[in-house]
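Numbering follows our numbering, in which position 161 of the sequence shown is assigned residue number 165; successive positions increment by one, without gaps.
Data first, discussion second: the structure below is written as C-alpha cells.
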Amino acid sequence: MRIRTFDDYQQAYQQSVEDPEAFWAGVAQEFQWRKPWTKTLQWNFTEPNIKWFVGGKLNITENCLDRHLAERGDQPAIIWEPNDPHEAGVTLTYRMLHDQVCRMANVLKRNGVGKGDRVCVYMPMVPELAIAVLACARIGAIHSVVFGGFSAQSIADRINDAQCRLVITADGAYRGNKEIPLKSVVDDALIGCPSVEKVIVMTRTRTPVAMLKGRDVWMEQELKQVTADCPAEEMDAEDVLFILYTSGSTGKPKGVVHTCGGYMVYAAYTFENVFQYEPGQVHFCTADIGWITGHSYIVYGPLACGATSLLFEGVPTYPDAGRFWDIVDKHQVNILYTAPTAIRSLMGFGLDKVENHDLSSLKVLGSVGEPINAEAWHWYDDHIGKNRCPIVDTWWQTETGGMLISPIAGVTKTKPTYATLPLPGVQPMLVDENGQEIEGNGVSGNLCMKFPWPGILRTTWGDHERCRQTYFSTYPGLYFTGDGCLRDEDGYYRITGRVDDVLNVSGHRIGTAEVENAINMHTGVVESAVVGYPHDIKGQGIYAYVIADAMPSDHDADLTKRDILATVSRVIGPIAKPDKIQFVSGLPKTRSGKIMRRILRKIAEGDTSNLGDTTTLLDPAVVDEIKAGAV
Ligand code: 7RM
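Right under this line is the structure:
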C-alpha cells in the first residue's frame, strides 16, 4: 500500500480510478475493524449521499491507541512543548495516552455524556485537548472543537447549532505573552446556551474563575474519581466522529460533519504517504487543533499511524522568532508542517534566528492553508530544508478531511507554488462558469471533484440542504471546492485562491458576509462591504468599506474605527478584525442592488487604473469618491 516511487504512485493512482472500491478496501484493511464492511462505497453527488465501508464497525481510538500498545506502548505518542520554553514539557507514550484517554472518557460518562451527544471543546493547545477529543471518540460522543481565538458569541452560535450537552475548557490559555481567559469567555457564551448541562474546567493558568455549583466541575478532581478502564464504544463506519465549523460565502459558519471510518482511513493514508512517515520519526504540525489541520495531522492521522506527534502551545514569535527552530532542534523534529503565513512572518526576522539552530534532523517540510508564494517557498527550501528536504505543498479543505492535491515527499517532483498532482483516489476536474469541463493542459478554471474519497464531508450539521446547495449544486454531479485552479503544461495543479466570497487571512477562513454582519451590528453603521486585498504576511488582509449614518469627522473617524474593531472582535473574534476601514457615503451597486465587489477589490488592491465596465452602476460617481478616499 505504501507508495515509495513515482511508479508506485502512478500505479496506485490508476487503480484508485479504475477500481476505487478495491483500492480503498485494500487501504482500509490495514486497520482494526470490529466487524468488516459489506459494501465499500455507496454514493451519489445529487442528494448528496456518500457512505464508505458500509456496515463496518470500529472505534477510531482503538486504531489510534489500543492497536499500538503491544508493539509501541512505550514510544512517545505526544510530545508537548509549552508556550514558555522554560516550563517543563510533557511526553506521553502510547500507553500513557491510552490510560489518560480512558480516564477522561470515564469523566465524560460520569457527567452524563453518551454516544451521539455533542461536546464542545474550547481549550489551549495542551495534551488535555488531544485527550478530550479522543475521549469523546472513545465513547462515541461527537466533538466540536472551537478555536481558542473565537468570541463568546461564536462559541454560543456553535454550541446552539449542535445542541452541545457539555463543554470542556480551561481557566485560561497562554499564547505568547498574552493570557486568554477561556473560562470567562465560555461563561459569557453559556448565558445563551440552554442545552449545556455541564462544564469541565482544566487548570492551566490558575486565573480565578467562576465555578457554578451543579454545572461546573474541575477536570483534575473529576479524574480522581475514575479508573482507566473504558472499553471503546462500537461505532458504525458512518456514525459521526466530529463536527467542525467553517466559514462560507453566506451566513453563519457551517458544521462540517465527518464520520468514523472514512475519515480515519483517509487521514492516516494521506499522513503516511504524503510525509513518507517512517516509524520513530517526530512529526511537528504547527496548526491549532481548533482547525481541521490539527484534527487530521496532529491527532488522528499521526496517531492512527503510530507516529510521534509534537503539540506546541505557543506562537512562532515567542519568546522570539527562532522558536520553531528551537523546537526542531530540541526535539529532533523530522517532519515540519506549517503555513505560508508563518514562513513569511519568520522570513522578516532575518537568518540570525535560524542559523544558531541545528536543523539537520528535518527530512520533510510541509505547507498548508493558503497559496505559498515563490519567495516563501524558496526561503523555506534554502534556509530551513537546506535544499535537502522535499517540500509538500498540500492543498485541501475542512470539507475534504485530508489532503487532496499534494506532492508525495521525495516521490513527486515539486515545483514552487504548485500543489502538483492529485493523490490516489482524487479525481479533479476544472470547469468554466457554465459548468463545462475544461480539458487538456495549460488551462485554468474552477476546481471540482468528480468522485468521492473516504474523507469527504457527509453533510453539514442539522441542515443537509445547505450542504447540497453549497457544494453540490453549482455544478450538478460534482463537488465544488470554491477554489480557482490552474493546470499547467505538465498537468500540475496550482491553486490560485478562492473564487467565492471567502477570505483566507493568515490561513484562517473567514466569510466576507460574516465580517459585514458583525460590522453592521455596530451602532451608527448603515451598511458595509468587505473584500480581501493582498497582504505581505497574512496572504490576504481585510478591507472594509463602511457607510455610517453620519460621515464621521477626521477626529471621530479614528475612534469609530476602533469601536468597529472592538465590535468585530466581540462578535466573531480578533482574527476577523479588518486591517483597513474606509468610510464611504455609498457603495457601488448595480441597478438590481448588487454590490460590485470587483470594483471594491480593485480599489483595495490599489489598482484604480482599470476598473472595468462601470456603466451598469446605479451611481457611477460613488466610485470616484471611493477611489479618492482609499486607505
Ligand atoms: C486545510 C485548510 C481551505 C481553503 C482552500 C484554499 C486554501 C488550503 C492550500 C490552499 C493554496 C494550499 N482547510 N488552501 N491549502 N490554497 N494552496 N496548499 O486550510 O478549510 O481552513 O481552508 O484554504 O482556498 O479552499 S480550510
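The beta carbon of each residue, even a glycine, is placed where N, CA and C say it ideally should be.
This structure is a prediction, so every number in the text was calculated from the model and none was measured.
Exposure of residue i, with buried meaning 16 or more beta-carbon neighbours within 10 Å
i, result
"residue 162", "buried"
"residue 195", "exposed"
"residue 418", "buried"
"residue 42", "exposed"
"residue 121", "buried"
"residue 128", "buried"
"residue 491", "buried"
"residue 550", "buried"
"residue 364", "exposed"
"residue 67", "buried"
"residue 592", "buried"
"residue 175", "buried"
"residue 532", "buried"
"residue 90", "exposed"
"residue 411", "buried"
"residue 62", "buried"
"residue 369", "buried"
"residue 75", "exposed"
"residue 466", "exposed"
Residues bridged to residue i (per DSSP)
i, result
"residue 124", "148 and 171"
"residue 491", "447 and 497"
"residue 586", "549"
"residue 339", "287 and 368"
"residue 437", "Residue 437 is not bridged to any residue."
"residue 464", "260"
"residue 20", "None, per the DSSP bridge assignment."
"residue 533", "549"
"residue 395", "369"
"residue 544", "538"
"residue 593", "599"
"residue 629", "Its beta-bridge partners do not exist; DSSP assigns none."
"residue 240", "61"
"residue 246", "147 and 262"
"residue 46", "55"
"residue 512", "509"
Inter-residue spacing [alpha-carbon to alpha-carbon] between residue i and residue j
i, j, result
"residue 153", "residue 330", "25 Å"
"residue 393", "residue 386", "9 Å"
"residue 543", "residue 299", "23 Å"
"residue 207", "residue 55", "40 Å"
"residue 19", "residue 57", "18 Å"
"residue 560", "residue 343", "38 Å"
"residue 526", "residue 133", "34 Å"
"residue 59", "residue 23", "20 Å"
"residue 304", "residue 552", "47 Å"
"residue 242", "residue 267", "9 Å"
"residue 180", "residue 316", "11 Å"
"residue 130", "residue 81", "14 Å"
"residue 381", "residue 309", "28 Å"
"residue 244", "residue 605", "39 Å"
"residue 589", "residue 505", "23 Å"
"residue 459", "residue 376", "24 Å"
"residue 183", "residue 318", "11 Å"
"residue 157", "residue 197", "10 Å"
Of the residues the options, the one placed nearest residue i, counting alpha carbons only
i, options, result
"residue 149", "190, 593, 179 and 220", "190"
"residue 123", "15, 199 and 482", "199"
"residue 360", "370, 344, 379 and 327", "327"
"residue 587", "600, 595 and 564", "564"
"residue 624", "595, 136, 585 and 253", "595"
"residue 602", "585, 574 and 534", "534"
"residue 618", "598, 610, 609 and 635", "598"
"residue 539", "362, 139, 568 and 507", "507"
"residue 283", "290, 289 and 275", "275"
"residue 83", "399, 334, 606 and 12", "334"
"residue 235", "146, 64 and 432", "64"
"residue 107", "460, 141 and 45", "141"
"residue 47", "470, 251, 95 and 476", "476"
"residue 547", "500, 115, 635 and 136", "635"
"residue 262", "402, 138 and 536", "402"
"residue 101", "389, 456 and 137", "137"
"residue 399", "511, 458 and 464", "511"
"residue 17", "249, 429 and 321", "429"
"residue 52", "483, 626, 494 and 277", "483"
"residue 119", "408, 168 and 405", "168"
"residue 536", "237, 554 and 516", "516"
"residue 523", "439, 232, 582 and 257", "582"
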